[in-house]
Structure formats: structure tokens, C-alpha cells
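The block underneath contains the structure these notes are about, expressed in C-alpha cells.
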Amino acid sequence: MSLFWLHRNWTIRQVDGDIHASASVPGCVHTDLLTADLIPDPYLDRNETELGWIGRSTWRYETVFDRPDGRHDRIDLVCEGLDTVARVELNGRVIGATANMHRRYRFDIGPALREGDNELSITFTPAHDYAEGLVRELGERPSAYTEPYTFIRKMACNFGWDWGPALVTAGIWRPIGLHAWSGARLAQVRPQISLTDGGAHVAVHVEVERTTGEELLVTASVAGASAVVAIPAGETVGLIELDVEEPELWWPRGYGEQPRYELVVRTADDEWRQHIGFRDVRLDTAGGAFTLMVNGQPIFVKGANWIPDDCFPSRVDRGRYADRLAQACGAGINLLRVWGGGVYESDDFYDLCDELGLMVWQDFPFACGAYPEEQPIADEVEAEARDNVVRLMPHPSLVLWCGGNENVWGYFDWGWQERLAGRTWGATYYTRTLPGVLAELDPARPYLPSSPYSGSIGLHPNRQDRGPIHIWDVWNQRDYAAYRQYRPRFVAEFGFQAPAAYTTIRRAIHDEPLTPDSPGIIHHQKAVDGNRKLLVGLQPYFPHPETFDDWHYLTQVNQGRAIQLGIEHFRSLWPYCAGSIVWQLNDCWPVTSWAAIDGDGRKKPLFHALRKAYADRLLTVQPREDGLALVVVNDTAETWAEEAQAVRQSLDGRVHEAQMIAFNVPPRGIVTVPLSSPVADTDDPARELIAVTAGDRRALWFHVADKDLDLRPPQYTVQVEGRRVRVTAHTLLRDLALFPDRLDPAAEVDDQLVTLLPGESAVFTLNIDGLDDKALAGFPVLRCVNDVVAG
5 MSLFWLHRNW
15 TIRQVDGDIH
25 ASASVPGCVH
35 TDLLTADLIP
45 DPYLDRNETE
55 LGWIGRSTWR
65 YETVFDRPDG
75 RHDRIDLVCE
85 GLDTVARVEL
95 NGRVIGATAN
105 MHRRYRFDIG
115 PALREGDNEL
125 SITFTPAHDY
135 AEGLVRELGE
145 RPSAYTEPYT
155 FIRKMACNFG
165 WDWGPALVTA
175 GIWRPIGLHA
185 WSGARLAQVR
195 PQISLTDGGA
205 HVAVHVEVER
215 TTGEELLVTA
225 SVAGASAVVA
235 IPAGETVGLI
245 ELDVEEPELW
255 WPRGYGEQPR
265 YELVVRTADD
275 EWRQHIGFRD
285 VRLDTAGGAF
295 TLMVNGQPIF
305 VKGANWIPDD
315 CFPSRVDRGR
325 YADRLAQACG
335 AGINLLRVWG
345 GGVYESDDFY
355 DLCDELGLMV
365 WQDFPFACGA
375 YPEEQPIADE
385 VEAEARDNVV
395 RLMPHPSLVL
405 WCGGNENVWG
415 YFDWGWQERL
425 AGRTWGATYY
435 TRTLPGVLAE
445 LDPARPYLPS
455 SPYSGSIGLH
465 PNRQDRGPIH
475 IWDVWNQRDY
485 AAYRQYRPRF
495 VAEFGFQAPA
505 AYTTIRRAIH
515 DEPLTPDSPG
525 IIHHQKAVDG
535 NRKLLVGLQP
545 YFPHPETFDD
555 WHYLTQVNQG
565 RAIQLGIEHF
575 RSLWPYCAGS
585 IVWQLNDCWP
595 VTSWAAIDGD
605 GRKKPLFHAL
615 RKAYADRLLT
625 VQPREDGLAL
635 VVVNDTAETW
645 AEEAQAVRQS
655 LDGRVHEAQM
665 IAFNVPPRGI
675 VTVPLSSPVA
685 DTDDPARELI
695 AVTAGDRRAL
705 WFHVADKDLD
715 LRPPQYTVQV
725 EGRRVRVTAH
735 TLLRDLALFP
745 DRLDPAAEVD
755 DQLVTLLPGE
765 SAVFTLNIDG
775 LDDKALAGFP
785 VLRCVNDVVA
795 G
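Whatever position you read off the sequence shown (first residue = 1), add 4 for my numbering.
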């Protein structure tokens, strides 16, 4: 068995034009043209608008390779990912065709091979042409956008989204190579893992492809257990059963360790290796609940939605995944939902999630649209599902399959039924095709037909008393305080927008002057009325921002506050509410969006708000029917017993009333304690606040919005010692933030959105040396709400 990657000496040319260039494989047309300086960077300014012709052109990749040395029964061309509508030719002979970005392909090329040079070409016709042809044939289907993405098995957000550009790609986006083999190869290995009393059972389902007819012995070993099965002549499937004694269990981060064991499967001619983890995962839906159970332990999901990290996914390598997933862990996240408008991510993504204990909720790639169930799409859906279920099922981090994003909700609420006029919309995929594939191939994992979902396709999918919901009236229509009006079982999407980091904006947008409504800023805002909604979101809390710097700072503060308020509310409802998945962790380009990490990988203030809201131990003041209460949340394996002090004080630091609260919170539990009337009440809401402190944890409650507070102009001293910036407050400082990227694009800080009471200090730690001390201590690098609100 030999695998030869074909990643060198490719060229690309426009079949219906005169453009040609060297090509990088894996890659795509856009990145090749960009490397060759044939197009401007589509992420800068409004360049995107000039590049639509790329997705409307036909492109041909070509290379020449030598026939592999040696005698082999078969030589296959292995294509890990072709995007999307492709004709594959070898030496002028068509050897295959594709129409699915999400599948792997294997073609027997032996009959077309010749000695010496072999000419391989892959011609990509426009995805638009293919999809629009099916629209004409099958009839239109409604969707959230006008592009025909539901008619082609391709990354939907390639066609544009409310956070992403329309850059319709084509190319060899994942590895491609030659597999030369003889005898028998392991075509499929599916380890189904179940825990037993004190051990684990591994049922290794094996499928082989063979060129010989004799009996075939297949062995499997893991964690000291091994077994062998004989596959009789003429047969292609076998089952190897292994019993492992007392394995260490794989746990989500924050609940235990992530041990993995290498499973090795061998034939005389082939070998398959992959690390697996021993764990049990179930979904408790009793009474409308939606609670993930791992190894019998109910988990509060501290989640974020994951979108493709680049519009050109071939640019996202293992190092970039590692950076982004480390940021997710740094924000306290324990689950990522791979959203249905993107792709099944690469093996590196899931392998890193396994290592880090990041659970994965995996959507099948269906999003915000009615999907035709006719051919050829139906067969492609099943083939892609089978391929990716087999590829991903060994990963212990994968805890949930989901049929897609908002498709059932769209059918109920977005006016689709009348427009469909009886045409298919995807229901069969979510209720029969996908669960059927999973029942056969991966029966141990939970499956959810869609998100949101209320337990039956006949029920309204966004009922807050059943299953996961999406909350989008907040941001689109209502102030974020309305999160507290919800009492959900689980929140799979909710979010609030803010612009990218200042340095990211300045790299990508060259408007002069730079304003909230300058052309580049508007182009990098894809949400309908997005900038208006940003201002509407500010109105309850702040004066109208008069400068770009104030607009940028306040909208980022507002985003962090909105999400922190929502998460703390949802966590205060545990175990009734069993999780929140914020929209969204990351961005695919420089844009104003709901992300915590912007398109250049920089942390927005929201990141730090997430870290605080998702902390394992949390104090939060929440309004209840009978008044304010302290909710103590303990998401650790140890009891949290401590005494908290709740004080009512003036903004200038004078204490008026105090209450001592002794609490004893069991592991993974919460305790709610009413605040006494003298502490919770106020006669002077503009000049008072409540502060509750226990050890190094604190919760603050302000009775009125910032614009109505009697905030004083900020007074503080700053000391800079190397990478440490100490700020000491002489007045209350609201949401203090340091933005060192304004001085050096590489500079980061370890905390933001820190409120200091008079006399308190905070130390901010930078990641680099050499920044100007004076600049660090002044506007616009060091900001607080007092800058804008104080009289």
C-alpha cells in the first residue's frame, strides 16, 4: 500500500477566458489568483463586489505525474474534497464527475494510466450554473437569501450570509493523491463504543475492498485488548468485538481528563489507526428537557457556534485550528456547534477537540432554506452523510448530530408553506434519511432533526418549554434585557453585534475619514439594517456616540454586556435550562458581526465577557418575582462553601447597608438567596449600586442605565511596569478596557470590561514589551464608559 500526494506542479486556467496561473493544492481559484496578483484581496474595502465573475467562470486545474513504481492490483485517484461541480480526466479520458463539496471521492484510474507522464485535469464548472439549472428543473424553493445554495451540496455561506461575503469558490480544496494497493484495503472502519460495568465494549465494523478471493484475516487492538475476524472469500464485511477492562473515561473539559487510546486495525496489506475515547453520551429530553449527559453526568453546555474560519477553508490549517480552539477554551467554552451553513470540518479540528475536551455539536450542512428532495440531490445527501458519519464517529468529542439550522423553523414561520405550494422542502432528510443513516452507522449518538426543535416536526420548533430554541427577537427587535423574559430549556443561538478590533478594521478598510457609515464600514456590515440596530441597541444605555472611536468602543461594550446578561440569566435557571450556545465564536473575514473573535483572530471585548459569564464559579444578581436575589453557580466537582458580602453603596464608595450571606453550593449546583430589603432597595438609583463579593468573585447591580447614572469624569492613575499596566481608580470606572492593538497590531491584553470601585486597582497584562507608556495610559487606548457618560 502506498499513498502519493499530488500537491505540486499544478496550473489553473480560465476555460472561458484567458487567465492562467500556478495553482496551490489544496486551495481554490480565489487564493491562486490572489497569489498571482491577478485579483485584489477580496477581504479589503469593497473589492468583493469586483470578483463575482470568478464564481461564474469555468476553471481547469492541470498537472502531470509519473505512474507509481512497482506492481499494484489497483491505483486509485483519491480526492478528499473537490469544490464542487467537477469533471476529472486522465490522459484525455473522463474517469469521474462530482457535484458535492462535502464528499470524498475515489476513482480507479488503472485503465487510463500509461507509462511515463500522465496528464490529469479537473474542470470545475460554475456552481451557480449547476444550481440554477436545478431551480429551473425542480422549481424554486424559499430560503433566507436569494442565492440558490439549497440546490447544490456546497458550503452555503459561500454565496453570502449576514456576516459573510459572496465569494463562490471552486477548486481542489482538500488533499488529492494516488493510492496504489494490492490484495485488500480497509475501505471503512467504524468503531462503535459502549460502556459496560467496569469496562467498555468496542464493536469494530470493517468493510474491505479486495482484488483477491481468498479468506481475509483482520485484527484489531486497543488498550490491551485484541481480536481477529476471518472474512470469508467473496465477502467484504466483518465485525471484531473487543472488551476493554477499566479504561479511563473521556470527559468534557471542566469535568475530567481526556484520555484516548489508539485503535489499530490491520490486514496483511493495510492498516488503519485512530485514537478513540471511552465515554457514554445521551440526551435527556424528558418533559421537554434538553440536557446532555456524558458518562451519566448532566452537563451545563457553555457553548459557542462555529462558522468556517475563512471563506477559503483550505487556508485553515492545524495551527490555525489550534489557535482558535485555544481561544474557545480561554473563554470558558466546553462545546462548539459546527453550524449547518458551513462544512464538515477537517480531521484536525475534531482531533484537537478530542484533545481539549471541547464537545462538538455537528450540524449536517443544511441552513435557513427549503431543500429539494428530488434527484440528484437526494442521493448526494445520503452519500455525503454516510461518508462523514464514518469519518467523524471515532471522535469522542462529537456528542450530537443535528439535521441542520433553522430549516423547520423557516417552514413554520417564514412564509414558506404558501410559496412551496406542496413542493418538497427537506423534511424527509431530517426525519428519515439522516436518522436512518445514523441508526445504521452510528446508533449510539443522539440526533436532533433540526435546531431549533421542540421534539416533533409537527410542533412549532421554537417553543421555549421544549428542546433548544433560538432567540433572535433580541438584537433584531428588542433590547437585550429581554433575555430575562425567557425561561428556556436550552438556547442554541442568541447573539448581539459589534465591530471588529480597531486594528482589524484599519487593515481591511481604508476609508478616510473612517466613520460608522463610511463606505467600507457599511460594506463590511452584512446584516440587514445592522448599523441602525447597533445604534438602537445603544439608545437605552448610552448617549448617542459622536465620534467613530466612541461608536466603536460603546458598541463593543454593549455586545459584551448583552451576552453576559443573557448567559448569566440562563445559568441561573440550571438545571431547568441546560445550556447556552452563543452566536458566534469566530469570523471568516473582517466584518461587523456577532463574533467574539474577529476575522483576523483578535479577541473582541465579548471574549472577556464570555470568560466571566462562563466561569466555573459565578456570582450573579438576578431579578426575581419577589425582588433581587443572589444566584451562586458552582460548575465544579467540589462543594463551594463561602460567605459573601452584599452591600448597597454610593458610586463614590460610601457603604449604606450590608448583608452577610453564607452559602454552601453542592458540586454542579446553584443556590439562590434573596437580597435583604435594606440592600436591594434604593432611594437614589442614579447614585447607588449593589456589590456582592465572595473571595475573588464579584457581582454588580446598577439600578439604572449608564446614561442615567451620576457618573463622575474618570479619575485614575496608571503605572506601567514592562508588560503590566496597573490602573487605580479614584472614581468609579465603568467597563474599563485597554486596546493595545492601536499601538501595535500584535499586542493583546488579558482582560477587558473591568468595573473598578473607588480605591480599587486592576492589573492588565500585555503579551509584548515595548509599548509607549504614555500612550497606554491615555485615549483612545485606555477607555471607560465615564469618558462618554460623565457630566
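Heads up, the beta-carbon is just placed ideally off N, CA and C, and yes, glycines get one too.
The Cβ-Cβ distance between T62 and D22 does not fall below 7 angstroms. A733 and K711 have their C-alpha atoms some 20 angstroms from each other.
Residue pairing by DSSP leaves N411 without any beta bridge partner.
Under DSSP, the beta-bridge partners assigned to R277 are V268.
When only Cα atoms are considered, D70 and G120 end up about 5 angstroms apart.
With distances taken between CA atoms, H556 lies nearest to S597 out of S597, G344, G583, W587. Excluding residues up to 5 positions away in sequence, V210, V212, V269, T271, D274, W276 lie with their Cβ nearer than 7 angstroms to the Cβ of L190 in the same chain.
Remark: C-beta atoms of V785 and R746 approach each other more closely than 7 angstroms.
With respect to R730, N790 sits apart: the two C-beta atoms are not nearer than 7 angstroms. C-alpha of D166 to C-alpha of K530: approximately 5 angstroms in a straight line. Between the alpha carbons of N668 and I235 lies a gap of roughly 59 angstroms. Counting along the chain, the unbroken alpha helix (DSSP H) around P682 starts and ends at 681-684. Counting other Cβ atoms within 10 Å of its Cβ, G59 reaches 16 or more and is therefore classed as buried. Going by DSSP, A741 is part of the beta strand (DSSP E) stretching over 737-742.
Looking at the DSSP output, S125 sits in a beta bridge with E66, E93. Cβ-Cβ distances below 7 angstroms link I113 to I79, D80, L81, L94, I99 in the same chain, with the five nearest sequence neighbours on each side left out; the list follows chain order. Here DSSP, grouped into helix, strand and coil, assigns L538 to helix. Annotation: the continuous beta strand (DSSP E) that includes R701 extends over 701-706. A Cβ-Cβ contact shorter than 7 angstroms links H573 with R488. Beta bridge pairing from DSSP links K607 with I601.
Excluding sequence positions up to five before and after E218, its CB lies within less than 7 angstroms of the CB of A237, all in the same chain and listed in chain order. R75 sits in coil when the DSSP states are folded into three classes, being neither helix nor strand.
In this structure, DSSP gives T200 an extended state, which the three-state scheme calls strand.
Contact between Y484 and A709 is ruled out by a C-beta separation of about 12 angstroms, above the 8 angstroms threshold. Shortest Cα-Cα distance from Q653 to any of E647, R107, Q663, H464 involves Q663.
Unbroken beta strand (DSSP E) runs of no fewer than 3 residues, entirely contained in the stretch 427-513, are found at 472-475, 494-498, following chain order.
At the C-beta level, I567 and V586 come within 7 angstroms of one another. With contact defined as three or more Cβ pairs closer than 8 angstroms, the stretch 153-166 and the stretch 238-252 are not in contact. Taking 7 angstroms as the cut-off, the beta carbon of G203 is found no closer than this to the beta carbon of W9.
Membership of P678 in the beta strand (DSSP E) is indicated by the continuous run 673-678. Shown here, C333 sits in a helix according to DSSP, grouped into three states. Per DSSP, the beta bridge partners of W14 are A27. Shown here, Y153 sits in a helix according to DSSP, grouped into three states. Here the alpha carbon of E377 sits roughly 18 angstroms from the alpha carbon of F416. For Q563, the enclosing alpha helix (DSSP H) has its first and last residue at 552-575. Rounded to whole angstroms, the gap between the alpha carbons of D748 and R510 is 12 angstroms.
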